[in-house]
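These notes concern the structure reproduced below.
Residue numbers (the working numbering): 2 to 225.
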């Protein structure tokens with residue numbers, strides 16, 4: 002039997018508990034039967050409410066476990082927090098993994114950086130470029146000819162239509178809709194913007210701004 006692979010879901014909250022079954026399904030279908038693997042939650046503040054089916058380790062405990070490799074999938078919705086956790090993983094010698102649900106769809110000519118999480122029924126269509134540590138929750142999609150930055154989060158049912166450009170650390174809330182842009186004239190969402198739940202975005206959104214409503218309008222300017 003080959004040396005064990007350690008797989009961790011970093012974040013033992015609600016989203017982490019949704020990601021864990023996706024990770025274990027991926028491991029069962031992609032890791033050869035000759036390789037032993039173990040999946041655990043990683044959480045530096047252990048929550049007693051986590052499902053008892055999996056152990057919960059701190060990052061230090063995870064990194065020190067005797068194994069051939071240590072790989073973590075980041076399962077927190079905040080892009081800025083994912084950045085901090087990614088830095089902690091790097092300092093601990095833990096690599097960042099991606100996980101794509103078996104019924105998620107990634108179509109043609111898609112570039113996607115490390116650390117992506119694509120939940121069940123999510124989709125990225127064609128001719129799209131996505132940065133690192135991207136998350137698409139259930140039923141969210143990114144359509145054709147989009148450019149998506151690093152650490153972008155799509156909540157359940159978020160809809161990013163074609164020819165949209167999204168900056169880094171953007172959060173797109175549950176059920177929000179971004180209208181299509183045009184070739185050479187993409188709809189633009191600035192770095193750090195927040196698109197509120199159910200918002201319908203028809204115009205560019207400036208960096209750091211929260212927009213809500215239909216049509217979406219600024220709520221407040223986030224301090225940096």
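All C-beta atoms in this analysis are idealised placements derived from N, C-alpha and C, irrespective of residue type, glycine included.
Quick one: residues in its chain with C-beta nearer than 8 Å to the C-beta of residue 184, no 5 flanking neighbours on either side, listed in chain order?
-> Here the question's residue 184 lines up with position 183 in the chain shown. Answer for residue 184: 146, 164, listed in chain order.
Three-state secondary structure (DSSP) at residue 186?
-> Counted from its first residue, the chain shown places residue 186 at position 185. The answer is strand: DSSP assigns residue 186 an E or B state.
For residue 210, the three-state DSSP class (helix, strand or coil) | Locating residue 210 in the chain shown gives position 209, where the first residue counts as 1. Strand, per DSSP.
Nearest neighbour of residue 149, chosen from 158, 75, 179 [CA to CA] = If you number the chain shown from 1, residue 149 lands on position 148. Of 158, 75, 179, the residue nearest in Cα terms is 179.
Those runs of the beta strand (DSSP E) which lie wholly inside the segment 98–135 and span at least 3 residues | 111–113, 129–131
Leaving out the 5 sequence neighbours to the left and right, which residues in its chain are closer than 7 Å to residue 213 when beta-carbon positions are compared?
-> Here residue 213 corresponds to residue number 212 of the chain shown, with the count starting at 1. The residues are 197, 200, 220.
Whether residue 20 touches residue 105 by CB criterion (7 Å) | In the chain shown, residue 20 corresponds to position 19, counting from 1. In the chain shown, residue 105 corresponds to position 104, counting from 1. It is not a contact, given that the beta carbons lie outside the stated cut-off.
Three-way DSSP call (helix, strand, coil) for residue 153 in this model | Residue 153 sits at position 152 when you count from the first residue of the chain shown. DSSP places residue 153 in coil when its eight states are reduced to three.
Would you please state the rounded distance, in angstroms, between the beta carbons of residue 192 and residue 208? I believe it to be under 8 Å.
-> Against the chain shown, residue 192 aligns to sequence position 191. Against the chain shown, residue 208 aligns to sequence position 207. Indeed, because the Cβ distance is near 5 Å, the residues count as touching under 8 Å.
Rounded C-beta distance between residue 157 and residue 141? I'm assuming under 8 Å.
-> In the chain shown, residue 157 corresponds to position 156, counting from 1. In the chain shown, residue 141 corresponds to position 140, counting from 1. About 6 Å; that satisfies the 8 Å criterion.
Coil, strand or helix - residue 145 by DSSP = For the purposes of this step, residue 145 is identified with residue 144 of the chain shown, where counting begins at 1. In this structure, residue 145 counts as coil in the three-state DSSP scheme.
By the 10 Å Cβ neighbour count, where 16 or more other Cβ atoms means buried, how is residue 1 classified, buried or exposed?
-> Lying before the first or after the last residue shown, residue 1 is absent from the chain, which here runs from 2 to 225.
On the three-state DSSP scale, how would you describe residue 76?
-> For the purposes of this step, residue 76 is identified with residue 75 of the chain shown, where counting begins at 1. Coil, per DSSP.
Is the CB-CB distance between residue 6 and residue 38 below 7 Å?
-> Working through the chain shown from its first residue, we reach residue 6 at position 5. Working through the chain shown from its first residue, we reach residue 38 at position 37. Going by C-beta atoms, residue 6 is nearer than 7 Å to residue 38.
Which two residues bound the contiguous beta strand (DSSP E) that contains residue 37?
-> Position 36 of the chain shown holds residue 37. From DSSP, the beta strand (DSSP E) with residue 37 extends over 36–43.
Secondary structure at residue 137, three-state DSSP: helix, strand or coil?
-> In the chain shown, residue 137 corresponds to position 136, counting from 1. Strand, per DSSP.
Can you grab the Cα-Cα spacing for the pair residue 91 / residue 16, in whole Å?
-> Counting from one through the chain shown, the residue named residue 91 turns up at place 90. Counting from one through the chain shown, the residue named residue 16 turns up at place 15. Roughly 22 Å separates the two Cα atoms.
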